[in-house]
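Chemist: Each residue of the sequence shown is one higher than the one before, starting from 819 at the first, in the numbering used here.
From the three backbone atoms N, C-alpha and C, an ideal C-beta is built for every residue, glycine too.
Let me begin by handing over the structure; questions about it come next.
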Amino acid sequence: MFFSKDLPSPTSIFTAYASMAGYMMMIRSMAHELIPAPIQEFIYSSLRSLFHRSSSTTLTLTIDDDNMGMSNEIYRAAQTYLSTKISPDAIRLRISKGHKDKHVNLFLSDGEIVTDVYQDVELKWIFVTDGGGDKKTAGGGGGGRRRGGGGGRRSPVDDDGKSEYFELSFDKKHKDLILNSYIPHVETKAKEIRDERRILMLHSLNSLRWESVILEHPSTFETMAMEDQLKRDVIDDLDRFIRRKEFYKRVGKAWKRGYLLYGPPGTGKSSLVAAMANYLKFDVYDLQLASVMRDSDLRRLLLATRNRSILVIEDIDCAVDLPNRVEQQQPGGEGKNRGESQGPLTLSGLLNFIDGLWSSCGDERIIIFTTNHKDRLDPALLRPGRMDMHIYMGHCTFQGFKTLASNYLGLNDTTTMPHRLYPEIERLMEGDVITPAQVAEELMKSEDADMALEGLVSVLEKMRFKAADESSQVMAKKEGRLEMDEMTLKRDAEGSPRKNSKKIKKLVLFWT
819 MFFSKDLPSP TSIFTAYASM AGYMMMIRSM AHELIPAPIQ EFIYSSLRSL
869 FHRSSSTTLT LTIDDDNMGM SNEIYRAAQT YLSTKISPDA IRLRISKGHK
919 DKHVNLFLSD GEIVTDVYQD VELKWIFVTD GGGDKKTAGG GGGGRRRGGG
969 GGRRSPVDDD GKSEYFELSF DKKHKDLILN SYIPHVETKA KEIRDERRIL
1019 MLHSLNSLRW ESVILEHPST FETMAMEDQL KRDVIDDLDR FIRRKEFYKR
1069 VGKAWKRGYL LYGPPGTGKS SLVAAMANYL KFDVYDLQLA SVMRDSDLRR
1119 LLLATRNRSI LVIEDIDCAV DLPNRVEQQQ PGGEGKNRGE SQGPLTLSGL
1169 LNFIDGLWSS CGDERIIIFT TNHKDRLDPA LLRPGRMDMH IYMGHCTFQG
1219 FKTLASNYLG LNDTTTMPHR LYPEIERLME GDVITPAQVA EELMKSEDAD
1269 MALEGLVSVL EKMRFKAADE SSQVMAKKEG RLEMDEMTLK RDAEGSPRKN
1319 SKKIKKLVLF WT
């Protein structure tokens, strides 16, 4: 039992405190005078680490969408994976639904937490939005037009100043397990989910930034009006490309493939791109070079494309003279200097990404050029390693017509007798007469097979008559020119034989 006489008096306590404070002030003054500043900072830092070291055993990983200018595949995988892990007790979510989706899609909103368990290790995910703007517009991969169905991409810093990222927290002792096993598990599951949902995205440029919508093009190889052998060749080439990851690594080549689609307008080049995307389940990036002014912008855009994607540059023959285009857009003669100072967009810059050093920045990518005039292209674009396979998309053949007739009219000559007009149509379609787009347009004019095919026969007859008439006009012009040249030769009969010999050679070359 303590008695009051055993306790120190308040006066003695205050005196002891004052003495201690005085000693501390004196020691501090001496330290400032005698100990150099760098050593003082080292001592203070050591003391702070000793006395203020956090007792927490939790490690938090931050997962941003941006990866040094490239898309962060882990961020995208987390978006898709966590959409299947949302708790029924969640209080704030994003919701979206495409017009072809059977169910609504849920995504994390700002501050929402998702817990996960992997090999008896508890993990906590949280989606965070920092910066200005209304938080109602934030979303962990969901909802809006850019986000699509969980596979869309949004910039890490949006136009309104917001930045979005995921935080993954767990016990520090499980760091190796999470990095080496759990993260690959998330990526694998996300790929399976995307393949199951079959959500493809079409990306296009908007102010030098990719914007995305869901790609719902119905084109498939079964519906393409192509020769069967050409279809098999393209499919076999795609399958071979997909399964040869280790082969490309072994031979030291970037895992990419280039295709050149060429032919007249209306022959199905864009439809073939969509069929390839649907077959491979690859996103499509539609790059309009007219919207890009500098090589640096092109490089940044191409680095932002994802793996397992198709990059399409349509009508490449209209965009190869890139430096001249930049100069023409600058009035008053200032365009050249300005373009040079900013590093204008050049063909060499595009080629460097196709098969130069930058081509290795990404895997499992397909690059497709389309053109109506292959002969106008720079030979540098056509060599192997850039455009590996050249696919001619020509006028509609009879085999292609039968595919269209099966699609539009339900006519299938493998199970039923061929239509009575098939022989006539086959005769009229010999040569380059009509494009698949024109055939499809005629077949859509009637649901009755007889009426639709009779209309097609009529169109084919008119086209062949027109082609024959144009051919006869050309021949008439040549004959008229020949007669004029013969008259000229007669008038110049007194000229030198050598001069007449040259004219005769020109006539021979003209007719051949």
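With a threshold of 16 other CB atoms inside 10 Å of the CB of Met-838, please say whether the residue is buried or exposed.
Modeler: On the sequence shown, position 20 is the one that residue 838 refers to. When all chains shown are included, Met-838 counts as exposed.
Chemist: Return the residue from the list Ile-1134, Phe-1065 and Ile-881 that minimises the CA-CA distance to Phe-984.
Modeler: Residue numbering aside, residue 984 sits at position 166 when the sequence shown is read from its first letter. Among Ile-1134, Phe-1065 and Ile-881, the Cα nearest to that of Phe-984 is on Ile-881.
Chemist: In this structure, does DSSP put Pro-1002 in helix, strand or coil?
Modeler: Start at 1 with the first residue of the sequence shown, and residue 1002 comes out as number 184. Residue state, collapsed to three classes: helix.
Chemist: For the ligand FMN, is there a heavy atom less than 7 angstroms away from the beta-carbon of Thr-1215?
Modeler: Absent from the structure shown: the ligand FMN. Ligands present: none.
Chemist: So, does the CB of Arg-910 fall closer than 8 angstroms to a CB anywhere in chain C?
Modeler: Structure shown: chain C not included; a single protein chain is present.
Chemist: Three or more C-beta pairs under 8 angstroms: does that hold for the stretch 1021–1037 against the stretch 1084–1098?
Modeler: yes
Chemist: Going by the CB atoms, is the gap between Arg-910 and Gly-929 shorter than 8 angstroms?
Modeler: Here residue 929 is taken as the residue at index 111 of the sequence shown, counted from 1. Here residue 910 is taken as the residue at index 92 of the sequence shown, counted from 1. It is a contact, given that the beta carbons lie within the stated cut-off.
Chemist: In terms of residue numbering, what span does the alpha helix (DSSP H) encompassing Arg-846 cover?
Modeler: As a working note, residue 846 is residue 28 in the sequence shown. Where Arg-846 is concerned, the enclosing alpha helix (DSSP H) stretches over 828–852.
Chemist: Is DSSP giving Gly-1203 helix, strand or coil here?
Modeler: Residue mapping note: residue 1203 aligns to position 385 of the sequence shown, counting from 1. The answer is coil: DSSP assigns Gly-1203 none of H, G, I, E or B.
Chemist: What first and last residue would you give for the alpha helix (DSSP H) that runs through Glu-891?
Modeler: Start at 1 with the first residue of the sequence shown, and residue 891 comes out as number 73. Element bounds for Glu-891: 891–900.
Chemist: Going by DSSP, what residue range makes up the beta strand (DSSP E) through Asp-934?
Modeler: Along the sequence shown, read from residue 1 onward, the residue named residue 934 stands at position 116. Unbroken beta strand (DSSP E) run through Asp-934: 931–936.
Chemist: Identify whether Asp-1196 lies in helix, strand or coil by the three-state DSSP scheme.
Modeler: The residue given as residue 1196 occupies position 378 in the sequence shown. DSSP places Asp-1196 in coil when its eight states are reduced to three.
Chemist: Jot down the residue ranges of each uninterrupted alpha helix (DSSP H) in the stretch 1226–1255, minimum 4 residues, whole runs only, in chain order.
Modeler: 1240–1246
Chemist: Compute the distance between the beta-carbons of Trp-1073 and Asp-1181, then report whether it is under 8 angstroms.
Modeler: For the purposes of this step, residue 1073 is taken as the residue at position 255 of the sequence shown. For the purposes of this step, residue 1181 is taken as the residue at position 363 of the sequence shown. A Cβ-Cβ contact shorter than 8 angstroms links Trp-1073 with Asp-1181.
Chemist: Enumerated in chain order, which unbroken segments of the beta strand (DSSP E) with a length of 3 residues or greater are wholly contained in the stretch 998–1070?
Modeler: 1018–1023 and 1028–1033
Chemist: May I have the straight-line CA-CA distance separating Lys-1067 from Leu-865, to the nearest angstrom?
Modeler: If you number the sequence shown from 1, residue 1067 lands on position 249. If you number the sequence shown from 1, residue 865 lands on position 47. Their Cα atoms are separated by approximately 51 angstroms.
Chemist: Confirm, please, whether the CB-CB distance from Cys-1214 to Val-1257 is below 8 angstroms.
Modeler: As a position in the sequence shown, residue 1257 is number 439, starting the count at 1. As a position in the sequence shown, residue 1214 is number 396, starting the count at 1. Yes, the Cβ-Cβ distance between Val-1257 and Cys-1214 is below 8 angstroms.
Chemist: Once DSSP output is grouped into helix, strand and coil, what is the label at Ile-944?
Modeler: Taking the first residue of the sequence shown as 1, we reach residue 944 at position 126. If DSSP states are grouped into helix, strand and coil, Ile-944 belongs with the strands.
Chemist: By Cβ distance, which residues of its chain are closer than 6 angstroms to Val-975, with the 5 residues on each side in sequence left out?
Modeler: For the purposes of this step, residue 975 is taken as residue 157 along the sequence shown, with counting starting at 1. With a pLDDT of 46 at Val-975, under the threshold of 50, the predicted position of this residue should be treated as unreliable, though the coordinate-derived value follows. So the list reads Ser-981, once near-sequence residues are dropped.
Chemist: Could you name the residues of the same chain whose beta carbon sits closer than 7 angstroms to that of Asn-1230, not counting the 5 residues immediately before and after it, in chain order?
Modeler: Taking the sequence shown and counting its residues from 1, one reaches residue 1230 at position 412. These residues qualify, in order along the chain: Ser-1224.
Chemist: On the CB-based measure, 16 or more other CB atoms within 10 Å of its CB, does Asp-1266 come out buried or exposed?
Modeler: For the purposes of this step, residue 1266 is taken as the residue at position 448 of the sequence shown. Asp-1266 is exposed by the Cβ-count criterion.
Chemist: Could you compute how far the alpha carbon of Ala-1255 sits from the alpha carbon of Thr-902?
Modeler: Reading the sequence shown from its first residue, position 437 is the one you call residue 1255. Reading the sequence shown from its first residue, position 84 is the one you call residue 902. Taking the straight line joining both Cα atoms gives about 42 angstroms.
Chemist: Spell out a yes or no on whether the stretch 1230–1247 and the stretch 1107–1122 are touching, meaning 3 or more CB-CB pairs, one atom from each, closer than 8 angstroms.
Modeler: no
Chemist: Where do the N-terminal and C-terminal ends of the beta strand (DSSP E) with Asp-1101 fall, by residue?
Modeler: Taking the sequence shown and counting its residues from 1, the one referred to as residue 1101 is at position 283. Looking at the DSSP string, the run of the beta strand (DSSP E) that includes Asp-1101 is 1101–1104.
Chemist: Name the DSSP bridge partner or partners of Thr-1189?
Modeler: One-based indexing of the sequence shown puts residue 1189 at position 371. DSSP lists Tyr-1080 as partners of Thr-1189.
Chemist: Mapping the DSSP letters down to three states, classify Lys-1087 as helix, strand or coil.
Modeler: Here residue 1087 corresponds to residue number 269 of the sequence shown, with the count starting at 1. The answer is helix: DSSP assigns Lys-1087 an H, G or I state.
Chemist: Shortest alpha-carbon distance to Tyr-1103 belongs to which of Phe-1065, Gly-1167, Arg-1027 and Asp-1135?
Modeler: Here residue 1103 refers to the residue found at position 285 of the sequence shown. The shortest Cα separation from Tyr-1103 among Phe-1065, Gly-1167, Arg-1027 and Asp-1135 belongs to Arg-1027.
Chemist: For Glu-986, report the span of its alpha helix (DSSP H) as first-last.
Modeler: Numbered from 1 along the sequence shown, position 168 holds the residue referred to as residue 986. Correcting the residue type first, residue 986 is Leu in the shown sequence and not Glu. No alpha helix (DSSP H) contains Leu-986, which is instead part of the beta strand (DSSP E) from 981–989.
Chemist: Assuming the contact rule is C-beta atoms closer than 8 angstroms, Phe-1100 and Ile-1184 should be a hit. Round their C-beta distance to whole Å, please.
Modeler: Position 282 of the sequence shown, counted from the first residue, corresponds to residue 1100. Position 366 of the sequence shown, counted from the first residue, corresponds to residue 1184. Distance from Phe-1100 to Ile-1184 at the Cβ level is roughly 7 angstroms; contact confirmed, criterion being Cβ atoms closer than 8 angstroms.
Chemist: Tell me where the alpha helix (DSSP H) around Arg-1117 begins and ends.
Modeler: Your numbering for residue 1117 matches position 299 in the sequence shown. Going by DSSP, Arg-1117 is part of the alpha helix (DSSP H) stretching over 1113–1121.
Chemist: Taking the alpha carbon of His-1021 as the reference point, which residue from Gln-1106, Ala-834, Gln-1217 and Ser-1166 has its own alpha carbon closest?
Modeler: Locating residue 1021 in the sequence shown gives position 203, where the first residue counts as 1. His-1021 has its Cα closest to that of Gln-1106, out of Gln-1106, Ala-834, Gln-1217 and Ser-1166.
Chemist: Residues in its own chain within less than 7 angstroms of Asp-1046 by CB, not counting five upstream and five downstream?
Modeler: Within the sequence shown, numbered from 1, the residue matching residue 1046 stands at position 228. Same-chain partners within the cutoff: Gln-1217.
Chemist: Which one of Arg-1124, Asp-948 and Val-946 has the shortest CA to CA distance from Ser-1030?
Modeler: Taking the sequence shown and counting its residues from 1, one reaches residue 1030 at position 212. Nearest option by C-alpha distance: Arg-1124.
Chemist: CB-CB under 6 angstroms to Ile-1011, same chain, minus the five flanking residues each way: which ones, in chain order?
Modeler: By 1-based counting over the sequence shown, the position of residue 1011 is 193. Excluding sequence neighbours, Ile-1011 sits near Thr-898.
Chemist: Counting along the chain, where does the beta strand (DSSP E) carrying Ile-1128 start and finish?
Modeler: Translated into the one-based positions of the sequence shown, residue 1128 becomes position 310. Unbroken beta strand (DSSP E) run through Ile-1128: 1127–1131.
Chemist: Determine the closest residue to Asp-883 out of Val-922, Val-946, Asn-923 and Leu-1271, with distance taken between C-alpha atoms.
Modeler: Within the sequence shown, numbered from 1, the residue matching residue 883 stands at position 65. Nearest of Val-922, Val-946, Asn-923 and Leu-1271 to Asp-883, Cα basis: Val-946.
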